[in-house]
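Residue numbers (my numbering): -6 to 332.
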């Protein structure tokens, strides 16, 4: 309910920041858990938060893997939105895969759940997972049918690469969540949001040179003349929809109890369609040579067969790939002084 206090982790990241703004716009008070004061100061200075600073507070949690890390952070809150998780790290050893990617993802998620279970008054925990929580890249690229009940990630080591360790981390964190709920039977309900590639305006980016940060890089890289070396699955969702799903999931009149939702905007897309979208929607910038996609091969897309109808029935239809593309490109043009 609007006015209640939400603990939100991961607010310095792309999805976390957009979800923070969504929570504040909806009327919640928010306590963000950040690793350091500098991280909070940076996001608090960003324009979208300016009208809402009186409803925003912070708490420092320097290491989310430490037992009891969130014990203070959860005191007095009614809801928790847990978005913090390790990014894809440049490690190349099995030990590094465990210490830098897999274990932090599991420990951070379980730590939030354990902290919430130590106090009274928390009604719901919403956790950001990933489509990789239930289906590997290989499964998606194969065209196999995927929904919330799919379990198609091989979590057995050795992992061999950071990208494989990353997808395993998502699956194991999700497994740890379901195990916790089954064994501990907490008083609060748990909702898992599982996005595909998230595309859209990232307000944490304030310099045009960083426009291709994160998953927006899959879109903006080729548009700016950087070839996409590997085929990509054609599964995307607008950042606005992902943020909305997180915050609406706090409302028990919308989401009744424990649920999983895939965040995916059907149908499967062709990444190269972004070229035609830019030509049509931004003809002057295209004519002036702002975009360099003519110099690179068209990205190769692997079609997917993902069913997000469960989420659409609850949250409504998703924004299109064109809307996603326009959102990021408009931001880029703002940053370079073209808009």
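Ideal placement from N, C-alpha and C gives every residue a C-beta, glycine not left out.
Only a predicted model underlies this, so the values are computations on that prediction, with no experimental measurement involved.
Neighbour-count burial assignment, residue i, 16 or more Cβ in a 10 Å radius
| i | result |
| --- | --- |
| residue 67 | buried |
| residue 121 | buried |
| residue 294 | buried |
| residue 5 | buried |
| residue 149 | exposed |
| residue 42 | buried |
| residue 86 | exposed |
| residue 12 | buried |
| residue 223 | exposed |
| residue 309 | exposed |
Member of the options whose CA lies at the smallest distance from the CA of residue i
| i | options | result |
| --- | --- | --- |
| residue 58 | 0, 77, 46 and 51 | 77 |
| residue 228 | 327, 102 and 256 | 256 |
| residue -5 | 3, 325 and 20 | 20 |
| residue 219 | 30, 284, 330 and 232 | 284 |
| residue 331 | -1, 319 and 278 | 278 |
| residue 317 | 123, 210 and 136 | 210 |
| residue 333 | 23, 52, 321 and 17 | With the chain represented from -6 up to 332, any question about residue 333 goes unanswered, as that position is not in the structure. |
| residue 107 | 243, 126, 75 and 87 | 75 |
| residue 181 | 117, 167 and 144 | 117 |
| residue 29 | 264, 94 and 3 | 3 |
| residue 251 | 328, 11, 236 and 170 | 170 |
| residue 325 | 152, 194 and 175 | 194 |
| residue 152 | 312, 189 and 95 | 95 |
| residue 264 | 215, 69 and 175 | 215 |
| residue 26 | 142, 70, 310 and 43 | 70 |
| residue 48 | 259, 271, 40 and -3 | -3 |
| residue 314 | 301, 289 and 191 | 191 |
| residue 167 | 288, 183 and 262 | 183 |
| residue 56 | 201, 41, 178 and 92 | 92 |
| residue 178 | 131, 154, 129 and 111 | 111 |
| residue 124 | 63, 299 and 308 | 299 |
| residue 258 | 129, 231, 327 and 222 | 231 |
| residue 288 | 221, 260 and 135 | 221 |
| residue 127 | 187, 54 and 9 | 187 |
| residue 203 | 296, 9, 328 and 241 | 328 |
| residue 40 | 274, 10, 273 and 308 | 10 |
| residue 155 | 84, 31, 100 and 130 | 84 |
| residue 100 | 61, 224, 113 and 266 | 61 |
| residue 18 | 270, 291, 246 and 240 | 240 |
| residue 14 | 237, 291 and 275 | 237 |
| residue 88 | 272, 246, 323 and 158 | 158 |
| residue 206 | 308, 50 and 80 | 80 |
Cβ distance (whole Å) where residue i is taken to contact residue j below 8 Å
| i | j | result |
| --- | --- | --- |
| residue 133 | residue 226 | 5 Å |
| residue 119 | residue 243 | 6 Å |
| residue 98 | residue 172 | Their Cβ separation, rounded to whole angstroms, is 14 Å, which puts residue 98 and residue 172 out of contact at 8 Å. |
| residue 73 | residue 109 | 6 Å |
| residue 233 | residue 312 | 6 Å |
| residue 145 | residue 137 | 7 Å |
| residue 52 | residue 24 | 6 Å |
| residue 303 | residue 141 | 6 Å |
| residue 54 | residue 63 | 6 Å |
Bridge partners - residue i, DSSP secondary structure assignment
| i | result |
| --- | --- |
| residue 51 | 25 |
| residue 72 | -1 and 117 |
| residue 139 | 299 |
Proximity test, Cβ basis, 8 Å: residue i and chain C
| i | result |
| --- | --- |
| residue 34 | Protein chains in the displayed structure number just one, and chain C is not present. |
Check: residue i C-beta below 7 Å from any heavy atom of the ligand COA
| i | result |
| --- | --- |
| residue -1 | Questions concerning the ligand COA fall outside what the structure shown contains, since it holds no ligand whatsoever. |
Exercise. What alpha helix (DSSP H) runs, 4 residues minimum, are completely inside the region 226 to 258?
Worked result: 232 to 241
Exercise. Which runs of the beta strand (DSSP E), 3 residues or longer, sit entirely within the region 104 to 135?
Worked result: 117 to 121
For this session: Within the region 146 to 219, note down every full beta strand (DSSP E) run reaching 3 residues or more, in order along the chain.
Result: 182 to 188 and 190 to 192
Problem set entry | Uninterrupted alpha helix (DSSP H) stretches inside the region 246 to 328 (no shorter than 4 residues) | DSSP runs (the alpha helix (DSSP H)) wholly in the region 246 to 328: 266 to 274, 276 to 280, 302 to 308 and 314 to 328.
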